[in-house]
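Novice:
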Amino acid sequence: MALYEHKVFTMGAIWQINSFDQEGVQIGKILAANIGNDLSLNGDLSDHDASTRSLLSLYRQRRDI
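Laid out in structure tokens, this is it:
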């Protein structure tokens with residue numbers, strides 16, 4: 003594990019990026035919370051793309067069986 007973390011740090015330093023930046027994680031948490039709300043409610047799904055709408059609709063149909 004330590005070797006992997008060292009590799010990630012070294013590659014980030016070479017590419018001049020912050021390897022431990024959590025911006026993507028925070029965005030993922032926000033999106034997951036929104037989808038979680040949409041799963042529990044029967045509201046409008048128009049805020050999502052076609053693929054996500056389709057999956058949410060399928061989940062809702064099978065949830066009610």
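For what it's worth, the numbering used here labels the leading residue of the sequence shown as 3, then goes sequentially. For each residue, glycine too, the CB sits at the ideal point set by N, CA and C.
Between Leu41 and Tyr61, how many whole angstroms is the CB-CB distance? I'm expecting something under 8 Å.
Specialist: For the purposes of this step, residue 41 is taken as the residue at position 39 of the sequence shown. For the purposes of this step, residue 61 is taken as the residue at position 59 of the sequence shown. Indeed they touch by this definition, with Cβ atoms about 6 Å apart.
Novice: Would you grab the beta carbon distance between Leu47 and Leu58 for me? Rounded to a whole angstrom, and I think it's under 8 Å.
Specialist: Counted from its first residue, the sequence shown places residue 47 at position 45. Counted from its first residue, the sequence shown places residue 58 at position 56. Leu47 to Leu58, Cβ: 5 Å. Contact.
Novice: How long is the line joining the alpha carbons of Asn39 and Asp51, rounded to whole angstroms?
Specialist: Looking up residue 39 in the sequence shown gives position 37. Looking up residue 51 in the sequence shown gives position 49. Going by the C-alpha atoms only, they are around 16 Å apart.
Novice: Alpha carbon to alpha carbon, how far is Gln63 from Lys31?
Specialist: For this step, residue 63 is matched to residue 61 along the sequence shown. For this step, residue 31 is matched to residue 29 along the sequence shown. Rounded to the nearest angstrom, the two C-alpha atoms are 25 Å apart.
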